[in-house]
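Beneath this line is the structure, given in structure tokens, with notes to follow.
Numbering (our numbering), first residue to last: 11 to 416.
Here it is, written out as structure tokens:
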């Protein structure tokens, strides 16, 4: 899709300051920072304090030693395997596109290359990260040709989410029977898991027919579950294709549903959009194009697609002009893109794999210094939030280990 990129494309990066695995911009703990004059540390655009607006930038060099200590704490926490990390089970009939989705999103395989993938014959377990904070496991199970639950019964009890892939281009009656049988099995065995249904390969169906088939599938599943006395199941439906950004948008929502930090992140982003008068803000993994969070304003699907395009532009230019042995993002990374449709997009690093993407209207009167200081505060708060959850997870694992020994 052409959005009319024109005018301004400013990119700044200081690759000499970062190396692979060395996050030179870790947060400063609130216990050692100066108190902020407004709630949660964000400056309000209606009450801008010009004397203190650059304080976070001025003292970065003085705090380098403390930042290194904080990074060591992060590294120790994330080297410990979290027994409670989410486990996603890819499930569905054979040749529905399960493996292609994993390869496209997490292994950067092109959509065309996935067409030559062989049929999955063995269970494949993928340990994956979104950013450096969100860790989860995906189990890619060989799909049955009919509605058999043999492999499902073996892996479903240890799964937190079932990602069910349904090929919309084929006769989907068997797929619906398999889905309903899977939901019924988890219900009978007391497993309260969420089902995320990807109605997949919509590129093979004419656009007017997509919504009709989508509605038909939802209704059939709902009626069959009602007949099984299953009311209000935890199930979501998405229309997806590997040839556009719909699969990234759907998988972003699936990943967000695994995150305990999501509500806190959304509250932080809401505060920034309100205090800085931004139209929308996303937290995005730039490698996988997975959106970890956004503020709670309604999201236009076109905006999500636009942000994916921005990430592609940024990573493309960084891979050409950046140092080959360094990460795409460092503590000096930012990008500003002005579109002919009247929008400005601003990308700023959080860590070497995660960035903030801000969207604002061109005519908006935004105080750039205010936006920069609030984004810096947000960056520190996000890092501290994830570190707090990492520490809690580590303590829970240690308590579990002690209990098992006793």
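From the three backbone atoms N, C-alpha and C, an ideal C-beta is built for every residue, glycine too.
Whole-angstrom distance between residue j and residue i, CA atom to CA atom
i           : j           : result
residue 213 : residue 121 : 12 angstroms
residue 357 : residue 349 : 14 angstroms
residue 236 : residue 187 : 14 angstroms
residue 300 : residue 363 : 11 angstroms
residue 249 : residue 322 : 22 angstroms
residue 223 : residue 182 : 10 angstroms
residue 151 : residue 288 : 43 angstroms
residue 219 : residue 227 : 12 angstroms
residue 67  : residue 386 : Summary for residue 67: the model assigns pLDDT 47, below 50, so the residue's position carries little reliability, and this model does not support an answer.
residue 239 : residue 298 : 39 angstroms
residue 368 : residue 292 : 7 angstroms
residue 164 : residue 269 : 25 angstroms
residue 394 : residue 274 : 12 angstroms
residue 184 : residue 313 : 35 angstroms
residue 370 : residue 229 : 39 angstroms
residue 384 : residue 276 : 15 angstroms
residue 88  : residue 242 : Here the model assigns residue 88 a pLDDT of 42, short of 50, so the residue's position is not dependable and the matter cannot be decided.
residue 95  : residue 400 : 11 angstroms
residue 138 : residue 325 : 20 angstroms
residue 65  : residue 388 : Because the pLDDT of residue 65 is 44, which lies under 50, any placement of that residue in the model is unreliable, and the number read from its coordinates should be weighed accordingly. Whole-angstrom Cα-Cα distance: 14 angstroms.
residue 205 : residue 102 : 12 angstroms
Residues near residue i by beta carbon distance below 8 angstroms, same chain, minus five either side
i           : result
residue 168 : 97
residue 203 : 166, 169, 170, 171, 172, 196 and 244
Beta-carbon contacts of residue i that lie in its chain and below 6 angstroms, excluding the five residues immediately before and after
i           : result
residue 234 : 190
residue 61  : Bear in mind that the predicted position of residue 61 carries a pLDDT of just 39, short of 50, making it unreliable; the figure below should be weighed with that in mind. Excluding residues within five positions, none has a Cβ falling inside 6 angstroms.
residue 133 : 151
residue 308 : none
residue 194 : 238
residue 262 : 300 and 301
residue 373 : none
residue 104 : 153 and 155
residue 246 : 206
Residue burial classification, residue i (beta-carbon count within 10 angstroms, cutoff 16)
i           : result
residue 126 : exposed
residue 352 : exposed
residue 283 : buried
residue 123 : exposed
residue 153 : buried
residue 290 : buried
residue 199 : exposed
For residue j and residue i, believed in contact at Cβ under 8 angstroms, the rounded distance
i           : j           : result
residue 176 : residue 148 : At roughly 18 angstroms, the Cβ-Cβ gap does not stay under 8 angstroms, so residue 176 and residue 148 are not in contact.
residue 174 : residue 192 : 7 angstroms
residue 271 : residue 396 : 6 angstroms
residue 280 : residue 306 : 6 angstroms
residue 255 : residue 315 : 5 angstroms
Close Cβ partners of residue i (< 7 angstroms) along its chain, the five nearest in sequence each way excluded
i           : result
residue 295 : 140, 141, 302, 363 and 364
residue 231 : 186, 189 and 190
residue 110 : 124, 127 and 252
residue 159 : 191, 192 and 195
Beta-carbon gap between residue i and residue j smaller than 8 angstroms
i           : j           : result
residue 252 : residue 114 : yes
residue 144 : residue 265 : yes
residue 257 : residue 215 : no
residue 376 : residue 278 : no
residue 116 : residue 136 : yes
Test: residue i CB closer than 8 angstroms to a CB of chain B
i           : result
residue 245 : No chain B appears in this structure, which consists of one protein chain only.
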